[in-house]
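Below you'll find the structure, written out as structure tokens, and then a few comments.
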Amino acid sequence: MPVFLDVCLAGLGLYLVKQLVFARASPPLPPGPSGWPLVRNLFDFPSKKAWLKFADLADQYGDIFSMSVLGTQTIILNSAKTTSDILDKQSAICSNRPHLVMADDLIGWDKGFLFMQYGERFRQTRKFFHHHLGTRTSLAAFSSVEEEETRRFLMNVLKSPEDLLDHIRKTAGSIILKISYGYSVQESNDPLVKLANDAMENISMVATPGAFLVDILPILQYLPEWFPGAGFQRDAKRYRQLVVETVTRPYQFVLDQLANGTARPSFTTKLLEGAREATAEEEDVIMWSSLSMYLADMIRQVVSAIYSFFLAMTIYPEVQKQAQMELDAVIGTDRLPSLDDRDALPYISAICKEVLRWYVVTPLAVPHVCTGDIIYNGFLIPKGSYLIPNIWSILHDETTYPDPEIFRPERFLGNNPQPDPQNACFGYGRRICPGLHLAEASIFISVAMSLSVFKVLRYVENGVAIIPEVIMQEGTVSHPKPFKCRITPRSSKVEAIIHGVN
């Protein structure tokens, strides 16, 4: 017995020495709040407007700091340099996503591009996007769709300017459905639009790590739905059916159109043309790639950005005046601008950049997960850590963008322009949004066409012009709090142009 005890004590001693030596040899984690025993920083994670809290913590701990929740290390990245150094330069091991039991295993979103783990399927999907939408040249095939739907947007705003946000949403949905599937949206109560809205609402709900207890305690996924506290199983069952319908229904529409010879050119038809002898697995990748296009966060980002543009024009009439002077000088007043005019309209392009920087539509990026240890500036970022870029902090850094709360397109013009916000807005490394060129084109054509035909004025109440507040709402994609403005035709001639192009 004493021998056995001696062996146990010796083993324990060796273990403790090893742990002590390893602790001394291993670099420290990035600094951060100390937290509590067992739960660590569980109660330090802000539940509302986390980007502001993280910016405050960055002032205290630096532009990279760490928090730990129930054993998962979370690293918050608060500067452009730190974020690029880690997510761009170390992209080979920083391109994974958190594994979310509710979203991935129980509901079935794991094949969607947003949730997909980094691997061969991810690379194939990204290749599809890059080939057909990854450059201005490849995107030119769909320019007519963007311009046609934006003209229809002008008509709708002219008829009912008070429904501005609804018109923006409908136009974004119409563009993406026509490009993805060659599908034309009905004027009202369109079934695929409703399906997409329901699916995106579900994605927004389940995309946050830790949103469900089963994400923190995966063993709960094996509870039967009748078990007390397992109501999430019933929700998952219902949402899984939504996923199946959302994946198959628009895809079947394209197959039916191809079969009867009426299919319009679309992202899906191009993928199918390139894989005429596709295996079941390859067809599954095509089907989900089309869906990822259809349900991309990019749609909600575009909606938020265009609505933010109208907010900025309401607050800053001098910017609107300068933009319309450029449009009148370059385009004239006898036609609408097109995507071919982009290079000739630098001030309009600067407005589009400033919209993305001024009102940050994704204040916190979707977390990356590192698949190996990283040493950065003497700190250890352990394998499996969540990496969350604070996009709001990056784009409102006063050292990079002086007076960040002011809407100032001129900051992107001249001999020393400030950094383009594209990288921060559309992602880093191998997780960069594959539809970024489509998003930029949608924002540009909406801004240019709207300013060419409309005046955006402040709402007048009791004889007083109201300057709306800039209030960011919660969500993985943030939308400005609804505001009032007046939208009127610039002239009767312009009104005739809108009617003429319909």
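Whatever position you read off the sequence shown (first residue = 1), add 7 for the working numbering.
Glycine residues also receive a C-beta, built at the ideal position from the N, C-alpha and C atoms.
Here residue 120 is buried: its Cβ has 16 or more other Cβ atoms, across all protein chains shown, within 10 Å.
Of the candidates 468, 159 and 484, the residue whose Cα lies closest to the Cα of residue 304 is 484. Taking 8 Å as the upper bound for CB-CB distance, residue 209 and residue 376 are not in contact here, some 22 Å apart.
Here residue 420 has 353, 354 and 357 as same chain residues with Cβ atoms under 8 Å from its own Cβ, once five neighbours each way along the sequence are excluded. Cβ neighbours of residue 310 within its own chain (closer than 6 Å, five residues either side excluded): 175, 176 and 179. Cα atoms of residue 289 and residue 257: separation of roughly 18 Å, rounded to the nearest angstrom. For residue 471, the closest C-alpha among the options 457, 308 and 492 is that of 492. By the Cβ neighbour-count rule, residue 229 is exposed, with fewer than 16 other Cβ atoms within 10 Å of its own. Nearest Cα to residue 371 within the set 361, 402 and 461: 402. Leaving aside the five residues that flank residue 487 on each side, the residues in its chain whose CB is nearer than 8 Å to its CB run, in chain order, 311, 314, 315, 318, 366, 477, 478, 479 and 480. Where residue 468 is concerned, the enclosing beta strand (DSSP E) starts and stops at 461-468.
Under the 10 Å beta carbon count, residue 151 is surrounded by fewer than 16 other beta carbons and is classified as exposed.
Going by beta carbons, residue 272 and residue 360 fall outside the 9 Å limit. Taking a cut-off of 8 Å for Cβ pairs, the stretch 440-453 and the stretch 461-470 do not touch, as fewer than three such pairs fall below it. When the Cα atoms are used, residue 92 and residue 143 turn out to be separated by approximately 27 Å. The Cβ neighbour count for residue 46, taken over all protein chains shown within 10 Å, is under 16; the residue is labelled exposed.
In the structure shown, residue 474 adopts coil according to DSSP, grouped into three states. For the pair of segments examined, the stretch 64-76 was found not to touch the stretch 103-113: the number of CB pairs separated by less than 8 Å stays below three. In this structure residue 184 touches residue 199 by the C-beta definition: roughly 6 Å separates them, less than 8 Å. Comparing alpha carbon positions, the residue from 275, 407 and 98 closest to residue 378 is 98. Secondary structure at residue 383: strand, using DSSP grouped into helix, strand and coil. The C-beta distance from residue 296 to residue 132 rounds to 5 Å, short enough to fall under 8 Å. In terms of CA proximity to residue 443, 139 leads the group 48, 86 and 139.
When DSSP assignments are scanned along the stretch 320-390, the uninterrupted stretches of beta strand (DSSP E) that are 3 or more residues long and fall wholly within it turn out to be 381-383 and 386-388. Out of 374, 268 and 404, the CA that lies nearest to the CA of residue 393 is found in 374. According to the DSSP assignment, residue 278 belongs to no beta strand (DSSP E) but to the alpha helix (DSSP H) extending over 274-280. Around the beta carbon of residue 162, fewer than 16 other beta carbons lie within 10 angstroms, which makes this residue exposed. The DSSP-derived three-state label of residue 308 is helix. Inclusion of residue 308 and residue 503 in the CB contact set at 9 Å is not warranted, their separation being larger than that value. Nearest to residue 126 by alpha-carbon distance, out of 108, 101 and 146, is 101.
In its chain, beyond the 5 residues on either side, 114 and 115 have a beta carbon closer than 6 Å to the beta carbon of residue 247.
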